[in-house]
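Trainee: Going by my numbering, the sequence shown opens with residue 1, and the numbers climb by one from there.
Sharing a structure here in structure tokens format.
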Amino acid sequence: RKSFLRYIKKQCLHEDRIIRRYEIGSVFRSNCAIETARPRPLGQCDFDIIGINVPLPLVNDAEILKVTIDVFQSLNCVTLNDFKLKIGHADLLNIVLDRCKIRKHVEKIKLCLSQFGQVPWQVI
1 RKSFLRYIKK
11 QCLHEDRIIR
21 RYEIGSVFRS
31 NCAIETARPR
41 PLGQCDFDII
51 GINVPLPLVN
61 DAEILKVTID
71 VFQSLNCVTL
81 NDFKLKIGHA
91 DLLNIVLDRC
101 KIRKHVEKIK
111 LCLSQFGQVP
121 WQVI
């Protein structure tokens with residue numbers, strides 16, 4: 001990971017380039033508050049889209065969602081009904097609400113959506 005950051009610093013931040021990088025590897029996480037506990041390895045997939053003055057940054061966010069769906073569909077053991085993507089992206093939500101012509105009670109809708117899955121639906 002550090003060598004990738006060096007590469008970005010030396011090569012890419014001085015140009016108007018966009019770099020897409022996909023990596024699957026192990027990360028080490030500790031789920032214990034004890035500092036002496038040994039971190040355990042977990043599999044993780046990273047999607048990075050990096051650049052300066054990136055036009056239409058939400059298009060890049062949509063690309064990450066598309067790649068995620070493509071990866072899951074390419075696994076013959078799952079279908080789209082077997083998983084859910086939870087997205088916490090305020091700008092994307094604003095665009096969806098705008099495209100659906102929802103202009104009344106927008107803040108109340110956002111508040112309800114932010115509570116979804118955290119409190120029972122009857123409370124919302």
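Even for Gly, the Cβ is constructed at its ideal location relative to N, Cα and C.
In this text, all values refer to a predicted model and were calculated from it rather than measured experimentally.
If we ignore side chains and look at the alpha-carbon of each, how far apart do Leu111 and Ala90 end up?
Mentor: Distance between the alpha carbons of Leu111 and Ala90: 11 Å.
Trainee: Using CA coordinates, which residue listed in Phe116, Arg17, Leu65 and Gly88 is at the minimum distance from Ile50?
Mentor: Checking every option, the nearest Cα to that of Ile50 belongs to Arg17.
Trainee: In the DSSP assignment, find the alpha helix (DSSP H) that holds Val59 and state where it starts and stops.
Mentor: That run of the alpha helix (DSSP H) goes Pro57 to Ser74.
Trainee: Between Tyr7, Arg29 and Ser74, which has its C-alpha nearest Arg21's C-alpha?
Mentor: The option with the nearest alpha carbon to Arg21 is Tyr7.
Trainee: Measure the Cβ-Cβ separation of Leu58 and Ile95 and say whether it is below 8 Å.
Mentor: Yes, the pair counts as a contact, with Cβ atoms nearer than the cut-off.
Trainee: Pick from Lys9, His105 and Arg29: whose alpha carbon is nearest that of Arg40?
Mentor: Taking only the C-alpha atoms, the option nearest Arg40 is Arg29.
Trainee: Between which two residues does the beta strand (DSSP E) carrying Arg21 extend?
Mentor: Where Arg21 is concerned, the enclosing beta strand (DSSP E) stretches over Ile18 to Arg29.
Trainee: Would Leu92 and Asp61 qualify as a contact pair, given that the criterion is a beta-carbon distance under 8 Å?
Mentor: Yes, the Cβ-Cβ distance between Leu92 and Asp61 is below 8 Å.
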